[in-house]
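Heads up, the thing below is written out as structure tokens.
Protein chains in written order, with the working numbering: chain E, 14 to 417; chain Z, 41 to 339.
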């Protein structure tokens, strides 16, 4: 028996030595993504985004660190869409698998659970799928986000409403806002942004409902909206909120000149509710028609084409954000000239690059301050960028007309 | 209080809320009818009720995608769920039917998690809708709107309720179900195959939930985590209405729908559910006093 154990031990040592030798020219990134549970759709988008980036970087010869070329590799675990599991897995990736660089999970809730752990172990953590503002007020030094924080999702519709008011000879102050936000951290952040923006113009918020997460009917809120006749209706309640507001405003004939929501692209409102969705505005992180480009994928459109072909579904912005995270790491490795987590962290902090996703530059809290949100309008069953004006594909159609 | 003022200034608003409440209540009523039946006959509180509604919604969604007219989608969804309900009884429920109430709650709770996760794994977490294509009834120049699918739902609830009463009163199976619910052992002694009665009862419940789910998918949306509110609402309705009274279930479901809509309007959507639960506690306490005065609480 002892002899058998010794043999096992030797075999184990040999094999681990072999792995170590092989891994010498590979940089391992770790990620917990939601492959099961309620974020499983977005979790897959995230993973696909990471995978395509790694594939492309390796195809181009990997990253060059201090004169030597390294391939990238990602170790994945399924976090089951639960924060507690995410935290466990972050711990496991770092302390058991020896991962020194972490890619973010999907959603703010999970990231909130994982950030303290990457902070504790001083492991750089770059994420593209957690937009809660709160993540960047904790003084985290190792957490970086390539996306815009949630409070930016629906600021643009407020700005546009002010512009439309001016164009029609009205004071922006007279614009009336109705809004309904789900009672979750993300949507409450979106709400904060809207409240700040509305205050700037001195607009009045007439309805400010918070939708409970289990809501499946917005009739009560929309009846109120119909009665007060606001100029702008804002909704954030993930895919469910987007679908319900589109469906029920038409059904109840709630005539509001401007309706904006988050998550309408992932809810596929243009595809599934074509007529009803006409004219609705959607805040989004990214669009394939943006003119950004990088040295890995070329333009956003080229990236999207490659993604569509490889995974067989239209590129969601969740994937582009995720790809950008890997690109940030690749860029930082090369500039740091080392794989020391401390040096890589400093290199990430001084990132100043453009990717097909967005320009990326982090402030001291780890937020990407170089990026702007995109605002779509559903026109003839397709999403068209209407803001920011620099990237706009078409002019805003105003007011929204309900289909008969 | 701004909202209350609004309510009095625009006289059509309360009418709209009332109408929506009645029509939504009808959809709740269906799920509650099923729960009341299973509870009364089998002594099981089915925590997976909402999941059956959710599966009915998916059935309707896939039928809609396959090009089936929604009017057929509702009965077809009911039929599919009938088969599923029967299968569920034969594999799981029959093991807990004569057991302690607690065991059946645990078992159906487990079933609800299983169904949720299976739906997530097979259908994905996407939010989906089935279009009924019925459109909206616009009255008084747009001041009052009723979506036709809600009217269909209301009619379906009334028809199902009536059919259930007739079925229980007149058919052989209905009589067997009633006999079993009165005293299962006596029924067995008299030659009723109670196992078959239970299987039928559970399958009928699943079918009713399926119809209600189909209507949910056509009125609102369907996704794997939709179930819980429907389970809770059914539970509430049955608690208020008592077991075995179809008209009471319909009435309290409609009352719940109305209360929920008004609460959502006046206090904001965030207090909609909270208000309804507060109301439930109030009703239970009041009823306890009322029963105490009648000296009936011991019975």
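Every residue gets a Cβ at the ideal spot worked out from N, C-alpha and C, and that includes glycine.
* To do: Check each residue of the stretch 236-247 of chain E: if its Cβ is closer than 9 Å to any Cβ of chain Z, include it; give the result in chain order.
  => 236, 237, 239, 240 and 241: these are the residues of the stretch 236-247 of chain E whose beta carbon lies less than 9 Å from some beta carbon of chain Z, given in chain order.
* Asked: Three-state secondary structure (DSSP) at residue 406 of chain E?
  -> coil
* Is residue 110 of chain Z close to chain E, meaning its C-beta is less than 8 Å from at least one C-beta of that chain? -> no
* If residue 63 of chain Z and residue 190 of chain Z are in contact, beta carbons under 8 Å, what's the gap, nearest whole angstrom? -> 4 Å
* **Residue nearest to residue 10 of chain E in terms of C-alpha spacing, selected from E:152, E:102, E:74 and E:413** => Outside the displayed range of chain E (14 to 417) lies residue 10 of chain E, so it cannot be described from this structure.
* **Separation of residue 64 of chain E from residue 71 of chain E, as counted between CA atoms** => Annotation: residue 71 of chain E to residue 64 of chain E spans about 11 Å, alpha carbon to alpha carbon.
* Asked: Looking only at its own chain, which residues have a Cβ that is under 6 Å from the Cβ of residue 118 of chain Z, when we skip the five neighbours before and after it?
  -> Closer than 6 Å at the Cβ level, and outside the excluded window around residue 118 of chain Z, lie 247, 250 and 251.
* What did DSSP end up calling residue 195 of chain E once you bin it into helix, strand or coil? -> strand
* Asked: Given residue 359 of chain E, which residues of its chain have a CB within under 8 Å of its CB, disregarding the five upstream and five downstream residues?
  -> Here the set comprises 349.
* Could you tell me the boundaries of the alpha helix (DSSP H) in which residue 281 of chain Z lies? => 267-281
* **With 16 other Cβ atoms within 10 Å as the buried cut-off, status of residue 240 of chain Z** => buried
* Between the CA atoms of residue 65 of chain Z and residue 271 of chain Z - distance to the nearest angstrom -> 14 Å
* Between residue 106 of chain E and the rest of its own chain, which residues show a CB-CB distance below 6 Å, the 5 nearest in sequence each way excluded? -> Contacts found: 43 and 112.
* Could you pull out every residue in the same chain whose Cβ sits closer than 8 Å to the Cβ of residue 185 of chain Z, ignoring the five residues on either side in sequence? => 56, 176, 177, 178 and 179
* **Runs of alpha helix (DSSP H) wholly within the stretch 115-144 of chain E (minimum 4 residues, chain order)** => Fully enclosed alpha helix (DSSP H) runs of 4 or longer: 121-133.
* To do: Would you give the residue range spanned by the alpha helix (DSSP H) that residue 155 of chain E belongs to?
  => Residue 155 of chain E -> no alpha helix (DSSP H), and no H or E assigned at all.
* Asked: Opposite residue 373 of chain E in the DSSP bridges: which residues?
  -> E:366
* Asked: residue 90 of chain E by DSSP, collapsed to three states: which one?
  -> strand
* Asked: alpha helix (DSSP H) containing residue 104 of chain Z: first to last residue?
  -> 89-105
* To do: May I ask you to verify whether the stretch 154-161 of chain E touches the stretch 195-205 of chain E, counting CB pairs closer than 8 Å and requiring at least 3?
  => no
* To do: For the beta strand (DSSP E) containing residue 271 of chain E, list its first residue and its last residue.
  => 271-275
* Asked: Which word fits residue 394 of chain E, buried or exposed, when buried means at least 16 other C-beta atoms lie within 10 angstroms of its C-beta?
  -> By the 10 Å Cβ count, residue 394 of chain E comes out exposed.
* **Any alpha helix (DSSP H) of 4 or more consecutive residues that is wholly inside the stretch 222-286 of chain E** => Runs found: 232-241, 251-264, 277-280 and 282-285.
* Asked: Considering only the beta carbon of each residue, do residue 390 of chain E and residue 401 of chain E sit closer than 8 Å?
  -> With contacts defined as CB atoms closer than 8 Å, residue 390 of chain E and residue 401 of chain E fail to qualify as a contacting pair.
* To do: Evaluate contact between the stretch 365-375 of chain E and the stretch 90-102 of chain E, counting only Cβ atoms and requiring at least three cross-stretch pairs below 8 Å.
  => no
* Asked: Does the beta-carbon of residue 209 of chain E have 16 or more other beta-carbons within 10 angstroms, so that it is buried, or is it exposed?
  -> exposed
* Quick one: is residue 109 of chain E buried, meaning 16 or more other Cβ sit within 10 Å of its Cβ, or exposed? -> exposed
* To do: State yes or no: is the beta carbon of residue 56 of chain Z nearer than 8 Å to at least one beta carbon in chain E?
  => yes
* Between the stretch 212-227 of chain E and chain Z, which residues of the former have a C-beta closer than 7 Å to a C-beta of the latter? -> 222, 223, 224, 225 and 227
* Asked: For the stretch 304-336 of chain Z, which segments carrying the beta strand (DSSP E) assignment without a break, of at least 3 residues, lie completely within its bounds, in sequence order?
  -> none
* Closer than 8 Å, Cβ to Cβ, to anything on chain E: give me those residues from the stretch 69-103 of chain Z, in chain order. => none
* Test item: CB-CB of residue 103 of chain E and residue 45 of chain E under 8 Å -> yes
* Asked: Would you call the stretch 87-105 of chain Z and the stretch 265-279 of chain Z touching, i.e. three or more CB-CB distances under 8 Å?
  -> yes
* With distances taken Cα to Cα, identify the nearest neighbour of residue 173 of chain Z among Z:140, Z:145, Z:108 and Z:216. => Z:108
* To do: Using a Cβ cut-off of 8 Å (strictly closer), state whether residue 52 of chain E contacts chain Z.
  => yes
* For residue 77 of chain E, which beta-bridge partners are listed by DSSP? -> E:82
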